[in-house]
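Below is one structure, written out as structure tokens; the observations come after it.
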Amino acid sequence: MIELYHSEPNSFYLKPLVALKEKNAEFKSHYFDPTKFEQFAPDFPHNVESDLQLEREGPLLIDGGEIISSSFFMLEYIAEALPGTDLYPGDGYTKYRAQAWGQFLGLALGPAVAALGCAKYLGPVLKTRGQTELKAAIDKIEPIERRNAWLAVIDGSYTDAALKGAAEKVKFPVKRVEDWLADNTWLTGDAYSIADIDAFALLSVLPDLTPEIVNATATPKVMDFLKRMRDREAVQAALAMSKTGKPQEFFVPGAEPSRWG
Amino acid sequence: MLKLYHWEPNANSGKPMLALAEKGVEYESHYLDLLKMDQHQPEYLAINPDGTIPAMVHDGRVLTESTPMMEYVDAMFDGPPLRSSNPKERWRMRWWMRYFDAYFGPSVSMIGWNMFVGPQARERDPEEMKAAIEKIPLESRRIAWRKALFNEFTDEELAESRRRVIFSIDVLEKHLTRHKFIAGDSYTLGDINGFNLAYALPFSQPDHCNDEKAPKIMAWLRWIYARPATKATWAKGRTELASRLQLLETKN
Numbered sequence: 324m325i326e327l328y329h330s331e332p333n334s335f336y337l338k339p340l341v342a343l344k345e346k347n348a349e350f351k352s353h354y355f356d357p358t359k360f361e362q363f364a365p366d367f368p369h370n371v372e373s374d375l376q377l378e379r380e381g382p383l384l385i386d387g388g389e390i391i392s393s394s395f396f397m398l399e400y401i402a403e404a405l406p407g408t409d410l411y412p413g414d415g416y417t418k419y420r421a422q423a424w425g426q427f428l429g430l431a432l433g434p435a436v437a438a439l440g441c442a443k444y445l446g447p448v449l450k451t452r453g454q455t456e457l458k459a460a461i462d463k464i465e466p467i468e469r470r471n472a473w474l475a476v477i478d479g480s481y482t483d484a485a486l487k488g489a490a491e492k493v494k495f496p497v498k499r500v501e502d503w504l505a506d507n508t509w510l511t512g513d514a515y516s517i518a519d520i521d522a523f524a525l526l527s528v529l530p531d532l533t534p535e536i537v538n539a540t541a542t543p544k545v546m547d548f549l550k551r552m553r554d555r556e557a558v559q560a561a562l563a564m565s566k567t568g569k570p571q572e573f574f575v576p577g578a579e580p581s582r583w584g
Numbered sequence: 026m027l028k029l030y031h032w033e034p035n036a037n038s039g040k041p042m043l044a045l046a047e048k049g050v051e052y053e054s055h056y057l058d059l060l061k062m063d064q065h066q067p068e069y070l071a072i073n074p075d076g077t078i079p080a081m082v083h084d085g086r087v088l089t090e091s092t093p094m095m096e097y098v099d100a101m102f103d104g105p106p107l108r109s110s111n112p113k114e115r116w117r118m119r120w121w122m123r124y125f126d127a128y129f130g131p132s133v134s135m136i137g138w139n140m141f142v143g144p145q146a147r148e149r150d151p152e153e154m155k156a157a158i159e160k161i162p163l164e165s166r167r168i169a170w171r172k173a174l175f176n177e178f179t180d181e182e183l184a185e186s187r188r189r190v191i192f193s194i195d196v197l198e199k200h201l202t203r204h205k206f207i208a209g210d211s212y213t214l215g216d217i218n219g220f221n222l223a224y225a226l227p228f229s230q231p232d233h234c235n236d237e238k239a240p241k242i243m244a245w246l247r248w249i250y251a252r253p254a255t256k257a258t259w260a261k262g263r264t265e266l267a268s269r270l271q272l273l274e275t276k277n
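Protein chains in written order, with the numbering used here: chain V, 324 to 584; chain U, 26 to 277.
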């Protein structure tokens, strides 16, 4: 049976949960707390790809002994490998659109969402922990980019200017989605697909993290998209797997911002 | 006929060029000179408003993201399959393409822009270049051009890029010890993607990417370079970039 290692159903952890629910797939859930660094326990599954994944703390799917990481490609895997509802419909061009959205939103929006979410929610949580033990745990993390992403949450990197910059980064991809949804029902056109699951996981937290940018007045199409997604049984079933009751407040470090600025 | 707007057979432009060649797909080639900023001229912006290269036009559809573009080519045209039918190998191919595109590639290109694009761009009239940069549609590309033109890459940024490139050489060498190709047992888009970003490593990182320290990478690069599609694609190069491939002819 497929196994999924995940935490609270938010951001990248939410994606495979929704896709598996859409497929009505049976899977064994392994819930873990990445803020307590359970993903570094000796018996936690890992391979080269999961260690080096650019989302850093994302979910892991295990199927037939293979450890699948990186959430958008995990969605593609679920869509292509499992029976059930077609989550990747259409011809090569429709799939191109899904991949182009996944790449664009993952790179343009993903880092900003992780920074804003960690600053607002994870930072205060980590402050309640014993700082000596916390620092010692972070110091052991490899590779260095993954370690630095955790350090950024506690070392004052999230200055007002940095967070303002992250919020600015949200505007361009959000506008692109808003403009697209003015003429299209879903991200690839007429049919629901993994591109919508992927986009929902990134966009659904923005009315909270950047209410001045994503709201009913400024982005009515995005807000309508989020509502249509939340109305889906699979999304509700995925969100119901929360153990805190507040999945939208759970963030861990994600992809780093572009080093080109 | 399919139209491809591209620069040199290198990095993002080279990906669809090599994929099309492997599939045996004829295309109408539109060469854009990146250094002259052809990609920011109105004629091209009418095709790709983002002003990025490459762009593909097929059956009235416009595709502008190079890695998904390769999957489109494989899905829509006859010819040898360039993706495995095994979902696990497809996942591995995609994971590695993202690693190449988002981790390894930006570091390679930062070094390349600092050494190659910046100095050549600085030979032009600075005021003319400044005005040209202001016309670039995407903020991220404006930033990149400003950094290259005004030599704004810091020593720390360049050192970090070199560290990441050397780290990636080690990661890739180990990967190619476990697998014959990027996705597994067969040649796929993952190899085409990786080759486009890594083919110049023996030239740019001779102390780290050589037959002694990275024999698997060297053998992999030579195997791809020996393919007729690769030779035909790199023969389309017009600058010294393509000549860096010649190092792969020195052995085996």
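Think of the CB as a built atom: it goes at the ideal place given N, C-alpha and C, for glycine as much as any other residue.
### Task
Round the Cβ separation of L384/V and A348/V to the nearest angstrom and send it over; I've been treating them as touching at under 8 Å.
Position 61 of the first sequence, counted from the first residue, corresponds to residue 384/V. Position 25 of the first sequence, counted from the first residue, corresponds to residue 348/V. Incorrect: roughly 10 Å between the Cβ atoms, too far for contact.
### Query
If you measure beta-carbon to beta-carbon, which residues of the stretch 325-345 of chain V are closer than 7 Å to chain U?
none
### Task
Could you say which of C441/V, A485/V, P496/V, E501/V lies nearest to T477/V if we only look at CA atoms?
As a first step, residue 477/V is located in the first sequence; it is residue number 154 there, counting from the start. Reading off the sequence, residue 477/V comes out as Ile, not Thr. Taking only the C-alpha atoms, the option nearest I477/V is C441/V.
### Limits of the unbroken alpha helix (DSSP H) element including E274/U
Here residue 274/U corresponds to residue number 249 of the second sequence, with the count starting at 1. Counting along the chain, E274/U falls outside any alpha helix (DSSP H), and DSSP gives it neither H nor E.
### Task
Report all residues from its chain with a CB closer than 6 Å to the CB of E372/V; omit the five preceding and five following residues, and keep chain order.
Here residue 372/V corresponds to residue number 49 of the first sequence, with the count starting at 1. So the qualifying residues of the chain are S392.
### Task
Look at the alpha carbon of R555/V and the alpha carbon of T213/U, and state the distance between them as a whole number of angstroms.
By 1-based counting over the first sequence, the position of residue 555/V is 232. By 1-based counting over the second sequence, the position of residue 213/U is 188. One C-alpha to the other measures close to 36 Å.
### Task
Examine the Cβ distances between the stretch 29-44 of chain U and the stretch 251-266 of chain U and report whether three or more of them are shorter than 8 Å.
yes
### Task
Name the two residues that bound the continuous beta strand (DSSP E) containing Y293/U.
In this structure chain U extends from 26 to 277, so residue 293/U is not present and cannot be described.
### Query
Per DSSP, what kind of secondary structure is Y354/V in: helix, strand or coil?
In the first sequence, the residue the question calls residue 354/V occupies position 31. The answer is strand: DSSP assigns Y354/V an E or B state.
### Task
Answer yes or no: do L439/V and A484/V have a C-beta to C-beta separation smaller than 8 Å?
Mapped onto the first sequence, residue 439/V falls at position 116. Mapped onto the first sequence, residue 484/V falls at position 161. For L439/V and A484/V, no; Cβs fall outside 8 Å.
### Query
Alpha carbon to alpha carbon, how far is Q267/V from E535/V?
Because residue 267/V is not part of the residues shown, which for chain V are 324 to 584, the question remains open.
### Coil, strand or helix - M81/U by DSSP
By one-based count along the second sequence, residue 81/U stands at place 56. Reduced to three states, the DSSP call for M81/U is strand.
### Task
Spell out whether any CB of chain V is found under 8 Å from the CB atom of M101/U.
For the purposes of this step, residue 101/U is taken as residue 76 along the second sequence, with counting starting at 1. So yes, M101/U belongs to the interface.
### Task
Could you tell me which chain V residues have their CB closer than 8 Å to the CB of S165/U, listed as they occur along the chain?
Indexing the second sequence from 1 puts residue 165/U at position 140. The contacting residues are S581, W583, G584.
### Residue closest to H200/U, alpha-carbon to alpha-carbon, out of N221/U, W120/U, E177/U, F102/U
The residue you call residue 200/U lines up with position 175 of the second sequence. Looking at the Cα atoms, W120/U is the closest of the given residues.
### Task
Mind reading off the beta-carbon distance from L377/V to A578/V? Whole number of angstroms is fine, and I expect it under 8 Å.
Here residue 377/V refers to the residue found at position 54 when the first sequence is read from its first residue. Here residue 578/V refers to the residue found at position 255 when the first sequence is read from its first residue. That pair is a contact at about 5 Å.
### Message
Quick check: W116/U and E399/V, are their CB atoms within less than 8 Å of each other?
### Response
Your numbering for residue 116/U matches position 91 in the second sequence. Your numbering for residue 399/V matches position 76 in the first sequence. Contact: yes.
### Task
Would you list the residues sitting across from V87/U in a DSSP beta bridge?
The count along the second sequence starts at 1 and reaches residue 87/U at position 62. Partner(s): V82/U.
### Query
Using the beta-carbon of each residue, which ones in chain V are nearer than 8 Å to W120/U?
Here the question's residue 120/U lines up with position 95 in the second sequence. Here the neighbours are E372, Q376, S392, S393, F396.
### Task
Give a yes or no on whether 8 Å exceeds the smallest Cβ distance from E403/V to chain U.
By 1-based counting over the first sequence, the position of residue 403/V is 80. It does; some Cβ of chain U falls within 8 Å.
### Query
Straight-line CA distance for K205/U to K160/U?
On the second sequence, position 180 is the one that residue 205/U refers to. On the second sequence, position 135 is the one that residue 160/U refers to. Going from the Cα of K205/U to the Cα of K160/U covers about 45 Å.
### Message
With DSSP as the reference, identify every bridge partner of W509/V, one or two as the case may be.
### Response
As a first step, residue 509/V is located in the first sequence; it is residue number 186 there, counting from the start. According to DSSP, which records beta bridges pairwise, W509/V is partnered with G512/V.
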